[in-house]
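What follows is a set of notes on a single structure, which appears directly below.
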Amino acid sequence: MLQLSAVVLAMGAAVPAFAEEEGKASCGNAPREQWLSEDAIKAKGTALGYEVRRVKAEDGCYELYVVDKNGAKAELYFNPVTGERVNGKEDD
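When the count follows the numbering used here, it moves up by one through the sequence shown with no breaks and lands on 92 for the last residue.
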């Protein structure tokens, strides 16, 4: 019984770490010279209907701080090489 409890406890400890990693944007680790320009990424955010307030590079992704048509703030993440949107979160 003690061994089973230890296994269950160990599995429970791993779940939050997995969930945290799963929620993160994954953009790879391409060299900076392969990245699209900040202006190109800003244009992608604008084309999606957002007002882009700020662009920054973080954890291998481009991160856009934007406002949508309803005035809600959001953070969008883009792959810096392909320009594909990989993740994002809306502010409440």
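Cβ coordinates follow ideal geometry from the N, Cα and C atoms, glycine included.
Please classify K69: does DSSP put it in a helix, a strand, or coil? coil
Compute the distance between the beta-carbons of K56 and G83, then report whether it is under 8 Å. no
Quick one, which of Q34, F78, V66 and E38 has its alpha-carbon nearest D59's? F78
Residue interval of the beta strand (DSSP E) (run including E38): Run containing E38: none in the beta strand (DSSP E); it sits in the alpha helix (DSSP H), E38 to A47.
Just reading off the beta strand (DSSP E) that R53 is part of, what are its end residues? E51 to E58
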